[in-house]
Amino acid sequence: MPIASAHSPEATSAAPAIGWSLEPWVLACLAISLALYVAGLLRLWRKAGAGRGVGKARAASFGTGWLALVLALVSPLDALGGFLFSAHMVQHEVLMIVAAPLLVMGQPLAVWTWALPDRWRSRTSRLVHLPAVAGTWSVLTHAPVAWALHGIALWAWHLPPLFEAALRSPGVHSLQHTSFLVTALLFWWPPLGGASRAGHGGSMLYLFTTMVHTGALGALLTFSTVPWYPIYAAGTPALGFDLLEDQRLGGLIMWVPAGLAYLAVALAAAARLLRGEPARA
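Going by the numbering used here, the sequence shown opens with residue 12, and the numbers climb by one from there.
As structure tokens, this is what we get:
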């Protein structure tokens, strides 16, 4: 089922057919990212020894994060999000609080460069150390900037006009998911990107404030007596849901599981702080 029709449900009394979403560009991006990671990891381990440079746990994190992307973008969950707001929220949370942090912990940027020929890798190294490139990356992964970008993306895309536009248009829908994933990757970089740029105390504040504002958005959806996204009225009855029930379930998914994920990482930072571990370990 094409993304456009999957995310703009037509009124029907029969249960919709929910299938896999086989968008060529999504499949290509997934395949290329995995192939480069495997090639780079094998080459790195041949030179440095298995588990050195990038440990096996980090490699497993990348693989698990990659599978989470497949679940969110390719599995029937993607098509189901066109009929149920709650399924759409599951999809977004898988992208932002499962796939993104696992991918960051897998250190893909470092591993991908090892997949390049020696000459290209040398040129890439010089390129990323140019002041303009390094400065831009430093700004984007600076904790307050990453926090703000991710928060803006989250709140803006849940405004009813933008959210419903994403349901109607494949291009807008792709932009929505891309912005969620990219800003989530930037968001998780300060606390999990290896260097822990935010510091343990900073990470705790960073994650706690995100838990508060995402929880507030989830609570607004949960306790609202007015449907935010009437477009779903066409699809929810066929799956046995009331429009407001579906919205409230989606709000709870954003509020509780996502909040627990931020809390878990914040508690891990607190434990490292109490043990006196250096932030840049």
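A virtual CB, placed ideally from N, CA and C, is assigned to each residue, including glycine.
N-terminal and C-terminal residue of the alpha helix (DSSP H) that residue i is part of
{"i": "M107", "result": "No alpha helix (DSSP H) holds M107; DSSP gives it neither H nor E."}
{"i": "R132", "result": "129-139"}
{"i": "E175", "result": "171-179"}
{"i": "W123", "result": "119-125"}
{"i": "S149", "result": "142-151"}
{"i": "T247", "result": "Careful: T247 lies outside any alpha helix (DSSP H) and carries neither H nor E."}
{"i": "Y273", "result": "254-285"}
{"i": "L33", "result": "Here L33 belongs to no alpha helix (DSSP H), and DSSP marks it neither H nor E."}
{"i": "L91", "result": "87-91"}
{"i": "W166", "result": "154-168"}
{"i": "T75", "result": "67-84"}
Cα-Cα separation, residue i to residue j
{"i": "W166", "j": "Y243", "result": "19 angstroms"}
{"i": "V115", "j": "A70", "result": "11 angstroms"}
{"i": "G162", "j": "A143", "result": "25 angstroms"}
{"i": "V237", "j": "S86", "result": "30 angstroms"}
{"i": "H99", "j": "L231", "result": "17 angstroms"}
{"i": "A245", "j": "H153", "result": "43 angstroms"}
{"i": "W36", "j": "R286", "result": "45 angstroms"}
{"i": "L38", "j": "V139", "result": "27 angstroms"}
{"i": "L173", "j": "A59", "result": "48 angstroms"}
{"i": "H103", "j": "G117", "result": "20 angstroms"}
{"i": "H188", "j": "G62", "result": "33 angstroms"}
{"i": "A43", "j": "R134", "result": "The sequence given here places Ile at residue 43; Ala does not occur at that position. Answer to the nearest angstrom: the Cα atoms are 20 angstroms apart."}
{"i": "S16", "j": "W123", "result": "With a pLDDT of 46 at S16, under the threshold of 50, the predicted position of this residue should be treated as unreliable, though the coordinate-derived value follows. Distance between the alpha carbons of S16 and W123: 35 angstroms."}
{"i": "A206", "j": "L84", "result": "Unreliable placement is indicated for A206, whose pLDDT of 48 sits below 50; no coordinate value is reported for it."}
{"i": "G66", "j": "A145", "result": "25 angstroms"}
{"i": "W77", "j": "G30", "result": "20 angstroms"}
{"i": "V183", "j": "W158", "result": "23 angstroms"}
Check: residue i C-beta below 7 angstroms from any heavy atom of the ligand ADP
{"i": "P155", "result": "Although the ligand ADP was asked about, the structure shown includes no ligands whatsoever."}
Option in the options with minimal Cα separation from residue i
{"i": "G213", "options": "R54, D89, F198", "result": "F198"}
{"i": "M107", "options": "A195, L250, L216", "result": "A195"}
{"i": "L52", "options": "I43, G270, G64", "result": "G64"}
{"i": "P241", "options": "S97, L78, L255, P155", "result": "L255"}
{"i": "M215", "options": "A46, W31, L91, L278", "result": "L278"}
{"i": "Y217", "options": "G226, A227, L228, P202", "result": "P202"}
{"i": "P119", "options": "V49, A61, P128, G226", "result": "V49"}
{"i": "S180", "options": "L263, A249, G93, G229", "result": "G93"}
Anticipated Cβ contact below 8 angstroms, residue i with residue j, distance rounded
{"i": "L33", "j": "S72", "result": "L33 to S72, Cβ: 26 angstroms. No contact."}
{"i": "S190", "j": "A164", "result": "5 angstroms"}
{"i": "V101", "j": "L88", "result": "6 angstroms"}
{"i": "P171", "j": "W239", "result": "5 angstroms"}
{"i": "T247", "j": "L91", "result": "Not really, about 11 angstroms apart at Cβ, beyond 8 angstroms."}
{"i": "L41", "j": "V81", "result": "6 angstroms"}
Given 8 angstroms as the limit, is there contact between the stretch 217-228 and the stretch 256-272, that is, 3 or more CB pairs closer than that? Between the stretch 217-228 and the stretch 256-272, the count of Cβ pairs shorter than 8 angstroms is three or higher; the stretches touch.
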